[in-house]
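Chains as they are written, first to last, in our numbering: chain A, 1 to 286; chain B, 1001 to 1427.
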């Protein structure tokens, strides 16, 4: 039983790290810009489509495809922020919802028009085909890679926010925008960079998923709901909370599937409900 | 100072957003076909999944129906009237399916309806058909309850199903009953009606043949599951001999790819992928099949496969479809193609397109179709015909993998017959 639980929690951990990639960008945008970006999942989807096209259709090197996809989605993010998101920073959350939801519809249909509606999957890169023996069972190299990637993103994010000038500006603007502006931080440009960075994180999630997940319109929507639940559990706008929230959701979902398979659909929402009852502001929220 | 966003506001808006996403408000409706304003046309309204991970099935329905309509129109149509098609996106949502059906009949003037991928949608559409006074030919939605309950028990004569229902998924019981070394079965199934019924029917039937069989684990995956590694891992923890899996289309491809990476095919003796013989699944896994990654242990069936039966009728259909569309037809294509011809046959026999007259004409009719002879049962309006099971493999005769080493079992052996004993539709 013990081995089963440990192995399942490792699988859950890889799921957690994948969710974290998506939740991180969402949290960053919410925490710093104060924007509830529903279309974050669409950026995830665009990253997946871009990598599928570059790697799967054009045969470009997998890692280069990811890099180019990040660049492309970063540009999309910059345009989104500069011309649209910028206008909804300080207005009612409902308007943010309407605008970003509108973008979900636009991107889903754009993707349908360009690539068609059928689900597609690229060939699997050969270096992801194998597995390692952990506790006598086969653990995919791919899942291990996702764990490392997620942890890597967490470390890099921490380093950026704590140790770089840009990170300091971000933290200042998140905590008091007026003051930050008063001391000379160019808020509009800073916010664009943050949004672009978050968009690239979303695209990274989408891109890294392509070896095992199909690209199809709407794949971002399925992920975004889970990302929101994580954000709420962790505390709105709190990166540490999002990381812990992702761990909880991923590992508990994996346990649920092993131990209570009949209830898989509800686990993530039950966890959210419990956290909200005990600590309504989220685990790390204020 | 940025406006303070309270947690309450966030949740309220997130819930609204989540509900909107869930119910699918808005969206670019991909529709096929143009409405023409001629009373002498016979209008055929269809719907299926044309977006998302299951999008190929709706496209295939549209493609198969279009081919049949073009062929029939080239020969003068039905009673000299040409056929016209309009195809809508069902989105795999019952509410959308019902809305589409109402639109097609009352706004667009459809004389006949067909399609529907989701069992849930089919069950929702069935009861509104008497009110709309139109026949609907379901060409995918597989729940037994459509025909056993709605037609047989409740007498909704307007429903017909020309494709094999969930009885087909349980064919695994017949395929593996004579393998004494396969005793421990695990299930990775869709967390909705199709998955529950397929698994329950399979368990019921294999137990009849093999009382020694055990069901060691079951995992349930809702729609839009993209990551099946937890499900596969949970099930493999119980060391099964074989796995019965129902996630279909793009989800099936993801599930199998993830299972490969988890080393499943080094451990199990067989994997039954219910709709593994469907074209999009075979295409999605063609590299892996060609490299024999599944070690010859990936079994499946479909509701029609392009390489069986080996008849001129089937060969002609497959060639015509490939010429028209550049792809192989899957079962929802063949089902829709045969449905259009069934509409023609029923109308011509009834000498009318009136709903109940055509229904009566179709009851008991045996149609010659690419999938073989189909008998439309009077009691439940279900077409009875056999589809074999086989191993996924590369073939020199086809550019996509096929199911080979076929096991052909007569339909009368595995189709349920009236009077129907109830089967649990829950997990």
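Heads up, the beta-carbon is just placed ideally off N, CA and C, and yes, glycines get one too. As the structure is a computational prediction, the values presented were derived from the model and not from experiment.
- If you draw a straight line from the Cα of residue 136 of chain A to the Cα of residue 146 of chain A, it is about 21 Å long.
- Residue range 1366 to 1369 is occupied by the beta strand (DSSP E) that includes residue 1369 of chain B.
- Interface residue (Cβ-Cβ distance to chain A less than 8 Å): residue 1059 of chain B is classified as such.
- When secondary structure is reduced to three states using DSSP, residue 1164 of chain B falls in the coil class, being assigned neither helix nor strand.
- Bridge partners of residue 1218 of chain B according to DSSP: B:1187.
- Rounded to the nearest whole angstrom, the C-alpha separation of residue 1400 of chain B and residue 185 of chain A is 59 Å.
- The Cβ atoms of residue 1243 of chain B and residue 1277 of chain B do not sit closer than 8 Å to each other.
- For residue 131 of chain A, the pairing in a beta bridge is given by DSSP as A:140.
- Taking 8 Å as the upper bound for CB-CB distance, residue 1194 of chain B and residue 1139 of chain B are not in contact here, some 15 Å apart.
- For residue 1391 of chain B, the enclosing beta strand (DSSP E) begins and ends at 1389 to 1393.
- Counting only runs of 4+ residues, the alpha helix (DSSP H) found wholly inside the segment 1037 to 1105 of chain B occupies 1055 to 1074 and 1094 to 1102, in chain order.
- Beta-bridge analysis with DSSP links residue 1135 of chain B to B:1112.
- One thing to note: residue 24 of chain A has its Cβ no nearer than 8 Å to the Cβ of residue 252 of chain A.
- Cβ-Cβ distances below 7 Å link residue 1173 of chain B to 1202, 1205, 1206 and 1209 in the same chain, with the five nearest sequence neighbours on each side left out; the list follows chain order.
- Here residue 1244 of chain B is bridged, per DSSP, to B:1187 and B:1272.
- Residue 1308 of chain B is outside the set of residues whose beta carbon lies under 8 Å from a beta carbon in chain A.
- Nearest Cα to residue 1168 of chain B within the set B:1366, B:1274 and B:1129: B:1274.
- For residue 1402 of chain B, there is no enclosing alpha helix (DSSP H); the residue is part of the beta strand (DSSP E) that begins and ends at 1402 to 1407.
- Counting of Cβ neighbours within 10 angstroms places residue 1288 of chain B among the buried residues, the total reaching 16 or more.
- Contact between residue 1391 of chain B and residue 1299 of chain B holds: CB atoms are separated by about 6 Å, below the 8 Å threshold.
- Ranked by Cα distance from residue 65 of chain A, the first of A:18, A:47, A:212 and A:21 is A:47.
- Rounded to whole angstroms, the gap between the alpha carbons of residue 18 of chain A and residue 230 of chain A is 12 Å.
- Secondary structure within the segment 157 to 241 of chain A: the alpha helix (DSSP H) runs of 4 or more consecutive residues, fully enclosed, are 165 to 175, 177 to 182, 187 to 209 and 219 to 234 (chain order).
- Excluding its 5 nearest sequence neighbours in each direction, residue 1368 of chain B has C-beta neighbours in its own chain below 7 Å: 1313, listed in chain order.
- Listed as beta-bridge partners of residue 120 of chain A by DSSP are A:215.
- For the options B:1080, B:1133, B:1103 and B:1116, the alpha carbon positioned closest to that of residue 1359 of chain B is the one of B:1133.
- In the DSSP annotation of this structure, the continuous segment of the beta strand (DSSP E) that includes residue 1375 of chain B starts and ends at 1372 to 1376.
- As the crow flies, the alpha-carbon of residue 76 of chain A is around 8 Å from that of residue 196 of chain A.
- For residue 1159 of chain B, the three-state secondary structure derived from DSSP is strand.
- Residue 1125 of chain B is outside the set of residues whose beta carbon lies under 8 Å from a beta carbon in chain A.
- Using a CB distance cut-off of 8 Å, residue 228 of chain A counts as an interface residue toward chain B.
- For residue 189 of chain A, no chain B residue has a Cβ inside 8 Å of its Cβ, as the nearest lies near 17 Å away.
- Counting only runs that start and end inside the segment 41 to 93 of chain A, there is no beta strand (DSSP E) element of at least 3 residues.
- Under the three-state reduction of DSSP, residue 268 of chain A is assigned to helix.
- At least one CB atom of chain A sits nearer than 8 Å to the CB of residue 1226 of chain B.
- Nearest CB-CB separation between residue 131 of chain A and chain B: below the 8 Å threshold.
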